[in-house]
Structures are given as C-alpha cells and as structure tokens.
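Read the structure below first, then the notes.
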Amino acid sequence: MTIKELSKEEYLLKGHAACAGCGPSIALRLLFKALGNNVILVVPACCTTVIQGTYPYTSFAVPLQNILFESTAAAASGIVAALRQRKLEGTTVVGWAGDGGTVDIGIQALSGAAERKTDFIYICYDNEAYGNTGMQRSGATPYGAWTTTTPSGKRERKKDMPLIMAAHRILYVATACPSFPIDFVNKLRKAKDIEGTKYIHILTPCPTGWRYDTSKTVELGRLAVQTGLWALYEIEYGKFKLNPPSDRLVDEAKRKPIKEYLTLQGRFRNLTEEDIGQIQKWVDEDWERYRKLTSNSTSDSTLYGKT
Amino acid sequence: MAQMIIDTANHITGYAARAARVKVVAAYPITPQTTIVEKIAEFAESGKMDVEYIRVESEHSAMVACIGAAAAGARAFTATSAHGLALMHEALHWASGSRLPIVMAVVNRAMGAPWSIWSDFSDSLSQRDTGWMQFYCADNQEVFDTVIQAYRLCEDGQVFLPAMVCLEGFILSHTYMPVKIPDQDKIDGFLPSYKSGWILDVNRPVSHANLVSPEWYMEFRYMIQSAMENAKRIIPEIDREYGKIFGFEYGGLIEKYKCEDADLILLTMGTMGSDAKIAVDQLRKEGLKVGSARVRVFRPFPVEQIRKLSEQAQMLATIDRHISFGMEGFLATETKASIFSLKDPPLVAGFIAGLGGRDVTSKTIEEIAKKSIKWMRLGRVEKETEWIDLRE
Amino acid sequence: MSSSLKSRKEMPLTPLSSPSVGSMGKTGSWRTFRPEVDNSKCTRCTICWIYCPDAAITRQDDDSPKIDYDYCKGCGICANECPVKAITMEREEG
Ligand SMILES: Cc1ncc(C[n+]2csc(CCOP(=O)(O)OP(=O)(O)O)c2C)c(N)n1
Ligand code: SF4
Ligand code: SF4
Ligand code: SF4
Ligand SMILES: [Mg+2]
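The listed protein sequences correspond, in order, to chains F, A and X.
Following our numbering, the numbering of the first sequence begins with 1 at its first residue and continues without gaps.
Following our numbering, the numbering of the second sequence begins with 308 at its first residue and continues without gaps.
Following our numbering, the numbering of the third sequence begins with 700 at its first residue and continues without gaps.
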C-alpha cells in the first residue's frame, strides 16, 4: 500500500471549520480513504462537532449521528443493533471521539460496549486536552503540559488508554498517528474485517492547543513517534506487536531525545530540565515494557487472552 | 384468539413490548422496574421475541442506545425507575430533540435521598420539560394498551416524539391482575411496522443535530410544541380506535367519572384515579355531587379538557403524589394555569398525598373531598396546599 | 456559505444537515500565507495531498497538486512536508 493507491474521493469536504493545521482533520480524511463511505459515524461533543460547520450544512459526506459527550459507544451499540435487525451489517459503524470523550467522561460507555463485544470501530483522536471548550486538561494530557486548567503544567501522567482497552480482551487494539498515513489506513482496514469491538487510539497534534506553528502538525506527530513518546503498535487477538518505525526503537540509541519534540511546543515551555529528565525516564520505562511485551508475544503468550 | 392472563403490570409491559414488535431493547435493572427487562430477556432468549437485547452498563447508555437504534431504523424500547430515569435526563432531551419515537416504561418510584423504593411521581414529573409525552396508567390492562397506543402515537407523522408510559411501583408493577392480550394480527393491524421522521442512511448522508445557530434553533423548538399540540388531538382518536377494535378505551387525555353534574371534581393521576371513583360513589351516597377526572396524559397537558370541566364545577381538588419543592404539586400548578384565563374560574385546592409509597385509600380521598367541599361552601380555599396524613 | 433563509415549512423536523463544500464558508479567507507550488521541482509524490487537513489540494491526473485557494487555510503543512521543497509560503497581499 502506498499513498498513491489511496482513493481520491473525499468525504470530509473542504471549507470545514477546523483550525488551520488541524491534526484530527488529516486523520478524518484518512479514515474515509481507508473505509470508504459505507460508514455511519458517531460523534460526541468535541472539536469534530465544530468541524462539521453549522446547520443546514455539514462538511461530512457520510451519515453522522451527533450524540452526547459521554455516549459515543452507547449510541454505536444502538445503531449496530438496529442495523443487525435490518440485515445491514455491511455498513461499518465508527465511533469517533476525542480524548476527553474517551478516557474521561466516555470511558464507562466504551468499556460497556467493548465488554459486550459490540461490532464497531472506536477511534479516539487524542489532542491531549479538551479542545472544543478551549483546552482544559484531560486524563490524556501528558505530564507537564500547559492547559487552561493546569496553567503551570499538569502534574499527573497520561492514562494508558490502549492498554485499558486491551484489558477488555477485545480482538483488536492499535495506536496510530496520521503522520504515518499508510500505517493508520492499514490498521483501519484490518479493523473493519474483524468482528467485535476494535479500538484505535491516534495521536493527533493540535496547533491551537499545543501552541506550535500550524505547519508543524505532521512533523510533530513524526517526532512523537521517533522520540518514542508515542509508540505505534497493535494488539491483535491479544498479541502485542510494534509497527514500523516504532519496531526499530526498542533500542534506546535509535530513539531521538524527547527534547526535540517538547521544545517545539509552547505548552511545554514551563518544563524544567528535571521534568524533562523525569519524562525521559518514563519513556524509557515504557519501552522496557514494550520490549517485554514484544518478546512475550513472539513466544506465543498473549497479553490478555481473548474471549 | 385473544388471551386472558393474570400477571403483574411489569410482566404485562414485557408482553406489550413483544406485541409491539420492538426490535431493540436496551435496559438496565432498577427496582421496581427490573422484572420488565427480565421478562423481555426471557422472551428474547427463549426465541419468543425477535429482538436485539443490549445489556447496557447504565441507564444513560440505555437511552442513548435507544436513540441510536431508533435513528438507525428500529423500534426501540426501554424501562426504568427513579434514579435510572434521573440519570437519563440529558439523553431524554436528546431523544425528543431528535424527534425519535421511543417508548419507555417508567415504573414510578420516589427519588432519594433517602433511598426509597416505593412509589410516587417525583421521578417522571421531574422530567416534565424534556419533550417526552407522558401517560399515567391506572391498572395492568391500561399498561398493556397504553404501550401499544404509545407506539402508534409516537410514530404518527404529525407527532414523531418519544413517550413515557408510567405505572406506579408495586401498586401496579408487582400486582397481579387479569389482562386481555389481543391477537397479534389485530395488534399488527393497529400498529404497522416502524416509522420515523428520518433515518441514518448511507445512501442519503446527513449529519444529524450538528450545531444550530440562533437563526434556526427556535423553529425546531416550535415544531416540538406543535407536535405536542397535534398529539393532544390524536391521542383521543387513537384511544377511540383502539377501543373499537380491542374493547378498552380510556377517555383519551382524561378519564372522567360522574363529572357531568359535579360541583367538586377530584383531579388525580395513576391508580389514585381508581380509588377516587370509589370515593365518588361513596360521597354520592351521602348526597354530595362529586366527580373524578383522572389525568391520563400529563404531557401534552389536557388544558382544554380541564377548562371544560371547569364550566360547571365550582371547585377542583388536585391530589398530587408529587411535590415541586418551594411551590406545590405539578398537577395543582398545571390545573391552575389551565383555568387562569377563564372568566369565572372554579376554586382550586391542592393536596399532597402518598409520597414515597404512603397508602392513599378511597377513605383518604373522601376526606380530601369533604375538606374541599367545606372550602367550596366557604367560597375560599383556606390552605393553598394541604399535606395529607402528615404526622403532627 | 450564507443560507438562503427558508420558511419553517421547508425545514426538516429535526436538524438534518446536508453535505456541502464550504460548510463554514470560503475558509481560504482565513489565510495569511499562501502556498505556491513550483511545478518544475515537483516530483508528484502526492505527500502534500495526503497531509492537507483541509482537503484543499486536488491530486490531478498526473498526480501533481492543485491548490484550491478558496479553501486553503494557509497552514503550511504542505510546504513543510514536501520532500523537495517545491512549495513555498508567500505572504498574502492586502
Ligand atoms: C455532559 C457534558 N459535559 C461537558 C460538556 C462540554 N464539552 C463539550 S466538548 C468538551 C471537551 C471535548 O474534549 P475532547 O473529548 O478531548 O475532544 P476535543 O474537543 O479535544 O476534540 C467538553 C468539556 C458537554 N458537552 N457535555
Ligand atoms: S483545537 Fe486543535 S483539534 Fe480542535 S479543531 Fe483546532 S486544531 Fe483541530
Ligand atoms: S497550506 Fe495547509 S490548507 Fe493550504 S494547501 Fe497547504 S496543507 Fe492545505
Ligand atoms: S509534496 Fe512536493 S513534490 Fe510531492 S506532490 Fe506535493 S509539491 Fe510535488
Ligand atoms: Mg481532545
């Protein structure tokens, strides 16, 4: 699969309302290039509510159900059930929610839907704060980041949501980033063909909230991966596997220093050298875990047995 | 052949959902509702009902799953009580704003704190302004019939709104009564397959309920109000048609009993309406001209019917199994509001009774009537809101 | 896009919005810098096309990019990502 093989069709139409340089918008375009338009999208309150534009127009050319902030997975459950009753299972139901709508207020409905093996793809697009309401901290905001409710920097670490989802023993969990478009598209296509709940967590840089120049969105996603702050992996049928280029980063020497990523963003301006050292330590610990998971998986023991 | 069964109102509600050919049920247990969804689970698992049963993790999700299902083209049903209903509050607005014809059984239960599992109307009446139609039932037969009627109403092209069918916890929910279940083909004739005002359709993509500016929002609210007004007209029609086919009719919006010549009319809701009838018969024996009007539909509120009752009655007494703290019971408020513009309105006295499951018997209602008659003769109401059977 | 005011009778019963290019109007007006493609340098790799958040770049038959200035918000991602620096950002006049 190469970029040129991707469809020219657009189902996120130009003239939408996202800020210039919006990372989630790139991911939305890729979503439709991967899945086509036989898709029903469920969107809670988040930046994507705004991106649609206002009634009587919308920038989305697939059926889209706007729903309450905490309720993406519950709405998807109802839609999936109705489609099954109507024998329309060929349509893919996609929940598309922000990090706040996923790791905070929406975690209960998502956990329930996953436990029930609801047949849908859930995508958390993670801009690491509440974008819609003007950048307040979320459970996915990383340590040290400025937000409007953590003006001197958040003091807690980011929740590890993909592993929380893996603990539900769903058949497919993956991470991705639109800076690596083919990786993301491949994961979506794979997810489409697996029955049950599929969870994909994507890091989507946000110039407005992260305070960097709008031209750097793709570059920052790339740096997040190259520094090892964001690892690309999938957990398929319980098996953990790092994907390129993250698979080469188990070797610490191959990872770029996190400073390269952090210093490009205004939200990390208040970080001290000590903070950066601490974050680097956590990243290294994460990678030690990934290394173990990778070697476990090759010896055929799985992270969480599937059900 | 129609079937006669003896069962609780909760189980009967399950039968009604099955008879309505509900396709998606999303529900969560709460006393005293639980046996409804247990009955449906039994139907689903024994193959007696072709339904997708979503065992959600909360009532909030139950309502949202019903919204998703109804939007994706399936007849949806849920049931809840008290705290479950309160948890749904946000989603109730979303359902009506989305104009989806969802029917929900509400087994009335008092709100905490403190915990109480017994009946009053504080749960459903707290949802008065959510854009849901509300029916209140007086017996198990009416529960069955109202669920069927409610779907017909909700899916009417001039309505397209959700409805609650309310039945009092324990008083009805767990009480056995004989109920006639009509033939399925007759029900199918009365209630055709699912109809909604819009649908999520990949062949006709639209975004539903994205941001609406002040330029448009008010019109959408006005349309809900118009649909409620339409429902006022359509509910009695549906009730009459149902009566003709199945033999049970409930007076449409309001069930009147001996009101024609009554000086005093007792306004009640739910099972109190049955006790009020007994009280009326007793009082009439004593020569008192009393009638009973049971408000069967609280939203849309039967303003015109209450005005009509006021034409000859000198006094109305409302009995609320509900209190809006800082004011009075809603039935009292709505009744007063309904008659305010009349030239010569009757007196209205408001009584609060039966909160948290406290028994209200026909004797209690007789006392209420006698106190009201005293005030009626006096020409003024001595106490705007009187709490009945309250400890000293 | 400015809406031609419709009467209530023409409105759907609940907000059903239609897919439209320019749901937020001509968003090209947000731009302060304008991407310019130097076709002689362009290798038609389509990288700029896939990364444009605004779907403002059309991939033409020969895979060369065509920017729709009505909707390009001037974020500069295309210029930043072009491997051969075939796109430059020029300040908008006026
Ligand atoms: C119940 C409820 N609480 C709060 C809000 C306000 N609200 C809307 S969107 C949002 C934040 C969304 O953040 P996230 O999920 O990260 O998505 P993003 O906006 O960043 O895309 C909040 C707090 C709401 N709509 N509903
Ligand atoms: S705030 Fe960030 S995520 Fe939201 S629309 Fe703007 S750039 Fe995109
Ligand atoms: S500047 Fe941004 S919006 Fe304009 S064409 Fe380039 S990537 Fe697209
Ligand atoms: S990224 Fe550069 S080289 Fe590639 S198609 Fe765009 S302009 Fe041409
Ligand atoms: Mg966010």
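Built from N, CA and C at the ideal position, the CB exists for glycine as well.
- Residues of the stretch 707 to 739 of chain X with a CB closer than 8 Å to any CB of chain A: list them in chain order, please. Under the 8 Å Cβ criterion, the stretch 707 to 739 of chain X contributes R707, M710, P711, L712, T713, P714, L715, S716, S717, P718.
- Task: Identify the continuous beta strand (DSSP E) that holds L203(F) and give its terminal residues.
- Result: Taking the first residue of the first sequence as 1, we reach residue 203(F) at position 203. Looking at the DSSP string, the run of the beta strand (DSSP E) that includes L203(F) is 197 to 203.
- Cβ neighbour criterion (16 or more within 10 Å) applied to S299(F): Translated into positions along the first sequence, residue 299(F) becomes position 299. At S299(F) the pLDDT is 48, less than 50, meaning the model places this residue with poor confidence and gives no usable figure here.
- Buried versus exposed call for P162(F) [16 or more other C-beta atoms within 10 Å across all chains shown]: The residue labelled residue 162(F) in the question sits at position 162 within the first sequence. The residue in question, P162(F), is buried, as its Cβ has 16 or more Cβ neighbours within 10 Å.
- Using the Cα positions of L392(A) and D99(F), report the straight-line distance between them to the nearest angstrom. The residue given as residue 392(A) occupies position 85 in the second sequence. The residue given as residue 99(F) occupies position 99 in the first sequence. L392(A) and D99(F): Cα-Cα distance of roughly 28 Å.
- Message: Can you check whether the C-beta of T742(X) is within less than 9 Å of a C-beta belonging to chain F?
- Response: Your numbering for residue 742(X) matches position 43 in the third sequence. Not closer than 9 Å to any Cβ of chain F, the Cβ of T742(X) fails to qualify, so no.
- Query: Does the beta carbon of C46(F) fall short of 8 Å from some heavy atom of ligand 3?
  - Reply: For the purposes of this step, residue 46(F) is taken as the residue at position 46 of the first sequence. Answer for C46(F): no, Cβ out of range of ligand 3.
- Query: Can you find a heavy atom of ligand 2 that lies under 8 Å from the Cβ of C373(A)?
  - Reply: To locate residue 373(A), count along the second sequence from 1; it is residue 66. No; taking the cut-off as 8 Å, the Cβ of C373(A) has no heavy atom of ligand 2 nearer than that.
- Query: Roughly how many whole angstroms lie between the Cα atoms of S581(A) and I488(A)?
  - Reply: Position 274 of the second sequence, counted from the first residue, corresponds to residue 581(A). Position 181 of the second sequence, counted from the first residue, corresponds to residue 488(A). So the two alpha carbons sit approximately 21 Å from each other.
- Query: How would you write the range of the beta strand (DSSP E) that K643(A) sits in, first residue to last?
  - Reply: If you number the second sequence from 1, residue 643(A) lands on position 336. Segment 637 to 646 is the alpha helix (DSSP H) holding K643(A); no beta strand (DSSP E) there.
- Query: Which value, in whole angstroms, describes the spacing of the CA atoms of K584(A) and M471(A)?
  - Reply: Counted from its first residue, the second sequence places residue 584(A) at position 277. Counted from its first residue, the second sequence places residue 471(A) at position 164. Roughly 25 Å between the two C-alpha positions.
- By a C-beta neighbour count over all protein chains shown, 10 Å radius and 16 as the cutoff for buried, is A73(F) buried or exposed? By one-based count along the first sequence, residue 73(F) stands at place 73. Only buried fits A73(F), as 16 or more other CB atoms lie within 10 angstroms of its CB.
- Task: Quick one: using the 10 Å Cβ neighbour count with 16 as the cut-off for buried, is P142(F) buried or exposed?
- Result: Start at 1 with the first residue of the first sequence, and residue 142(F) comes out as number 142. Classification of P142(F): buried, given that the 10 Å Cβ count is 16 or more.
- Whose C-alpha, out of F184(F), C124(F), L68(F), is nearest the C-alpha of N243(F)? As a position in the first sequence, residue 243(F) is number 243, starting the count at 1. Minimum Cα distance to N243(F) is reached at F184(F).
- Query: Is the CB of L507(A) under 9 Å away from at least one CB in chain F?
  - Reply: As a first step, residue 507(A) must be located in the second sequence, where it is residue number 200. With 9 Å as the cut-off, L507(A) counts as an interface residue toward chain F.
- Query: Would you say A785(X) touches ligand 6, meaning its beta carbon is less than 8 Å from a heavy atom?
  - Reply: Ligands in the displayed structure: ligand 1, ligand 2, ligand 3, ligand 4 and ligand 5; ligand 6 is not one of them.
- Message: Taking 6 Å as the limit between beta carbons, can you name the residues of its chain near S701(X), skipping five residues before and five after?
- Response: Within the third sequence, numbered from 1, the residue matching residue 701(X) stands at position 2. Below a pLDDT of 50, predicted positions are generally treated as unreliable, and S701(X), at 46, falls in that range; the measurement from the model is reported next regardless. For S701(X), where only same-chain residues beyond five positions count, there are no Cβ hits under 6 Å.
- State the Cα-Cα distance for the pair A324(A) and P336(A), rounded to the nearest angstrom. In the second sequence, counting from the first residue as 1, residue 324(A) sits at position 17. In the second sequence, counting from the first residue as 1, residue 336(A) sits at position 29. Each residue's Cα considered, the two are about 17 Å apart.
- Message: Tell me which residues share the same chain as T281(F) and place their Cβ nearer than 6 Å to its Cβ, disregarding the 5 neighbours each side in the sequence.
- Response: For the purposes of this step, residue 281(F) is taken as residue 281 along the first sequence, with counting starting at 1. Inspection of the sequence shows that residue 281(F) is occupied by Lys rather than by Thr. Contacts found: none.
- Quick one, which residues of the stretch 367 to 380 of chain A are near chain F if we go by CB-CB under 9 Å, in chain order? H367, S368, A369, M370, V371, A372, C373, I374, G375, A376, A377, A378, A379, G380
- Query: Helix, strand or coil: how does DSSP classify N779(X) here?
  - Reply: Counted from its first residue, the third sequence places residue 779(X) at position 80. Reduced to three states, the DSSP call for N779(X) is helix.
- So is F647(A) buried or exposed if we call it buried at 16+ other beta carbons inside 10 Å? What you label residue 647(A) is simply residue 340 of the second sequence in a count that begins at 1. Per the 10 Å Cβ criterion, exposed.
- Message: Please confirm whether S299(F) has its beta-carbon closer than 9 Å to some beta-carbon of chain X.
- Response: Here the question's residue 299(F) lines up with position 299 in the first sequence. Its pLDDT being 48, under 50, S299(F) is placed unreliably by the model, and the measurement read from it follows with that caveat. Judged by the 9 Å Cβ criterion, S299(F) is not in contact with chain X.
- Query: From K4(F) to G404(A), what does the alpha carbon distance come to, in whole angstroms?
  - Reply: Translated into the one-based positions of the first sequence, residue 4(F) becomes position 4. Translated into the one-based positions of the second sequence, residue 404(A) becomes position 97. So the two alpha carbons sit approximately 43 Å from each other.
- So, does the CB of I361(A) fall closer than 9 Å to a CB anywhere in chain F? For this step, residue 361(A) is matched to residue 54 along the second sequence. Answer yes: the Cβ-Cβ gap between I361(A) and chain F drops below 9 Å somewhere.
- Task: Report the rounded CA-to-CA distance for T320(A) versus I343(A), giving the unit in angstroms.
- Result: One-based indexing of the second sequence puts residue 320(A) at position 13. One-based indexing of the second sequence puts residue 343(A) at position 36. Cα-Cα distance, rounded: 6 Å.
- So is the beta-carbon of A18(F) under 8 Å away from any non-hydrogen atom of ligand 2? Against the first sequence, residue 18(F) aligns to sequence position 18. Under cutoff, so the answer is yes.
- Is R222(F) closer than 9 Å to A177(F) when the C-beta atoms are compared? What you label residue 177(F) is simply residue 177 of the first sequence in a count that begins at 1. What you label residue 222(F) is simply residue 222 of the first sequence in a count that begins at 1. The question names Ala, but residue 177(F) in the sequence shown is Cys. In contact: C177(F) and R222(F) (Cβ atoms closer than 9 Å).
- Message: Given this structure, state the Cα-to-Cα distance separating G773(X) from A231(F), to the nearest angstrom.
- Response: For the purposes of this step, residue 773(X) is taken as residue 74 along the third sequence, with counting starting at 1. For the purposes of this step, residue 231(F) is taken as residue 231 along the first sequence, with counting starting at 1. Near 30 Å, if we compare the C-alpha coordinates of A231(F) and G773(X).
- Message: Quick check: is any heavy atom of ligand 2 less than 8 Å from the C-beta of S25(F)?
- Response: The residue you call residue 25(F) lines up with position 25 of the first sequence. Flag set: Cβ of S25(F) near ligand 2.
- Item | M395(A) classed as buried or exposed, judged by whether at least 16 other C-beta atoms fall within 10 angstroms | Taking the second sequence and counting its residues from 1, the one referred to as residue 395(A) is at position 88. Burial call: buried.
- Task: Quick one: list the residues of chain X neighbouring N517(A), beta-carbon separation under 8 Å, in chain order.
- Result: Here residue 517(A) is taken as the residue at index 210 of the second sequence, counted from 1. Within chain X, the residues near N517(A) are P714, S716.
- So W439(A) is in the beta strand (DSSP E); what residue range does that whole segment cover? To locate residue 439(A), count along the second sequence from 1; it is residue 132. Where W439(A) is concerned, there is no enclosing beta strand (DSSP E), given that its DSSP letter is neither H nor E.
- Query: So is N447(A) buried or exposed if we call it buried at 16+ other beta carbons inside 10 Å?
  - Reply: Looking up residue 447(A) in the second sequence gives position 140. Answer is buried; the Cβ neighbour count reaches 16.
- Message: Looking at ligand 2, does it come within less than 8 Å of V218(F), judged from the CB to the closest heavy atom?
- Response: Along the first sequence, read from residue 1 onward, the residue named residue 218(F) stands at position 218. For ligand 2, not one heavy atom lies less than 8 Å from the Cβ of V218(F).
- Chain-order list of residues whose beta-carbon lies under 8 Å from that of T227(F) (same chain, five-residue window excluded): By one-based count along the first sequence, residue 227(F) stands at place 227. So the list reads R255, K256, P257, I258, E260, Y261, V283, once near-sequence residues are dropped.
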